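Encoded as structure tokens, the structure appears first; notes follow it.
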Amino acid sequence: MKITFWLSLFIAFYTFVGYGILLFIIIKIKRAIKGRKIVTDVTDELLPECTLVVAAYNEEHFIGEKIANSLALNYPAGKLKFVFVTDGSSDGTTEIIGRHPQIQLLHRAERAGKIAAVHRAMEYVTTQAVVFTDANTFLNADAIKRICRHYADATVGCVAGEKRVQIDANADASAAGEGFYWKYESALKKWDSELYSVVGAAGELFSVRRSLYQDVPPDTVLDDFMISMLIAAKGYRIVYEPEAYALETASENVTEELKRKIRIAAGGIQSILRLVPLLLSFKYPLLSFQYVSHRVLRWTVTPFFLILALITNFALAFAGMGLVYNVLFAGQVFFYLLAFLGFIMEKRHIRVKALFVPYYFCVMNYAVLAGIIRYFTKKQSAMWEKVQRKQ
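Residue numbers for the sequence shown follow this note's numbering, beginning at 6 and rising by one.
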């Protein structure tokens, strides 16, 4: 039982904290030996032609601002094109986009899901680079320039931008927790990229070389993750560009954020099963190490080990196996009590920021368990699931 407890505790710690510490140490050593690589800007002449692809489904509340934001992006004249696809939209989204002749509008009445819309949009993309972004996110003015400069490096096949969550002073647990989570994720992605490659890109903002783009199966849940990882599997790197960011509002509440997280978890299991060659492969030793450490553990075994660590710790403490087990069990109980208090406060609309992180942590891990169940019971669809966000 002691072995089970310490193994469970180690895996949980390594997944959420230990990998970050190890990565930081490795990066410090690498910098000491080789120095820090600086990515420099390239001239306008060397920047590739690029297409911005936006898939929008019933986004009439955001689309006008998204169009204005897109058309204001800094990029050499004549080198940036725009393709917006609105398949299935039944509100005013299509009509609003249609007022802008600079944008190529693709629309079909039937709704086949986001990935089907993206595949259809890619048939019209002929530029060297393509950037994908969501309809409800807004990019900084130099985002496309910061992304496309990386393609001067022939080893780069994909560029992941940074997701930033807009949080107001009265943020609830979902907003504050999501914001904290993405700040930590951004740090890990910076170090992953500096070591070798980011393990997957998020759909809020990412880019690929057009020649490397590969359609994924129509039932794919995490299409952005799969598209980017298939490029990594071809031997190209996914680099992280924090100076290109997509700003979006947080989920409307914890229920909406939980819905999104469960879908991601179900998609994570699907992706792992479809990317088996990347697991502990001698062909991709460094990428496999990063992939397992940063993604696979989170999406598979770690939530179960968290439960196992609590149960075995209770048994060891109750059996009087030593002070260390009593202290660790007390620590675990205290953490989960904080999470429970966060849950109670959230239900009563009382904002106590100190409780947001433990509550959000538990929500995330519950979502993984629910996502695994959803995937294996065949209840997860690849169809677009719209999450309500703060207006």
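Where is the CB? At the ideal position from N, CA and C, for every residue including glycine.
Given the structure is predicted, the values throughout are model-derived calculations rather than measurements.
With respect to the beta strand (DSSP E) encompassing residue i, which residues constitute its N-terminal and C-terminal limits?
| i | result |
| --- | --- |
| T56 | 55-60 |
| K86 | 85-90 |
| V338 | Where V338 is concerned, there is no enclosing beta strand (DSSP E), although the alpha helix (DSSP H) it sits in stretches over 328-352. |
| R165 | Arg is not the amino acid found at residue 165; the sequence shown has Ala there. Counting along the chain, the beta strand (DSSP E) containing A165 begins and ends at 161-171. |
| D228 | Per DSSP, D228 belongs to no beta strand (DSSP E); it is in the alpha helix (DSSP H), 228-237. |
| F287 | Note, F287: premise wrong, no beta strand (DSSP E); not H, not E. |
| Y245 | 242-254 |
| R214 | 210-214 |
| F137 | 134-139 |
Please identify the residue among the options whose C-alpha is closest to the C-alpha of residue i.
| i | options | result |
| --- | --- | --- |
| R215 | I101, T56, M6 | T56 |
| V368 | I378, L14, A344, H354 | A344 |
| L302 | I68, L284, L227 | L284 |
| M231 | L200, K194, G273 | G273 |
| L144 | R169, V135, A126, T160 | R169 |
| F211 | D46, A238, Y250 | Y250 |
| M234 | S191, C163, D46 | C163 |
| R242 | R353, A206, T45, Q109 | A206 |
| S1 | T317, F29, Q337, A237 | With the chain covering 6 to 396 only, the question about residue 1 has no answer from this structure. |
Just reading off the alpha helix (DSSP H) that residue i is part of, what are its end residues?
| i | result |
| --- | --- |
| E100 | 98-103 |
| T45 | Counting along the chain, T45 falls outside any alpha helix (DSSP H), and DSSP gives it neither H nor E. |
| I109 | First, the residue type needs correcting, since residue 109 is Gln and not Ile in the sequence shown. Run containing Q109: none in the alpha helix (DSSP H); it sits in the beta strand (DSSP E), 109-111. |
| A2 | As shown, the chain starts at 6 and ends at 396. That puts residue 2 outside it, with no answer to give. |
| P81 | No alpha helix (DSSP H) contains P81, which DSSP labels as neither H nor E. |
| H124 | 119-127 |
Which same chain residues end up closer than 7 Å to residue i when comparing Cβ atoms and leaving out the 5 residues on each side of it in sequence?
| i | result |
| --- | --- |
| Y24 | S298, H299 |
| Y289 | L283 |
| A17 | T307, F310, L311, A314 |
| G208 | F137, D139, D229 |
| T98 | A61, N63, E64, E65, I68, T91 |
| W304 | A270, G273, I274, I277, V373 |
| L76 | Q107 |
| T9 | L313, T317 |
Could you pull out every residue in the same chain whose Cβ sits closer than 8 Å to the Cβ of residue i, ignoring the five residues on either side in sequence?
| i | result |
| --- | --- |
| Y455 | In the structure as shown, the chain begins at 6 and stops at 396. Residue 455 is therefore absent and cannot be evaluated. |
| Q396 | Summary for Q396: the model assigns pLDDT 49, below 50, so the residue's position carries little reliability; its value from the coordinates is reported in the next sentence. Excluding positions up to five away in sequence, the list reads H66, T254. |
| F381 | I274 |
In chain order, what residues of the same chain lie with their CB nearer than 6 Å to the CB of residue i, ignoring the 5 residues before and after it?
| i | result |
| --- | --- |
| K71 | A140 |
| E128 | none |
| L28 | W196 |
| R113 | D92 |
| H155 | V161, V164, V244 |
Counting Cβ pairs closer than 8 Å, one from the segment 325-335 and one from the segment 300-311, do we hit at least three?
no
Hey, is the segment 264-278 in contact with the segment 362-379, meaning 3+ C-beta pairs nearer than 8 Å?
yes
ask   = With contact counted as at least three CB pairs below 8 Å, one residue from each stretch, are the segment 31-47 and the segment 60-71 in contact?
value = no
*How do the segment 81-101 and the segment 44-58 stand: do at least 3 beta-carbon pairs fall below 8 Å, yes or no?*
yes
message: So, does the segment 190-209 touch the segment 232-250, judging by three or more C-beta pairs under 8 Å?
response: yes
Worksheet item: Between the segment 107-123 and the segment 218-227, are three or more C-beta pairs nearer than 8 Å?
Response: yes
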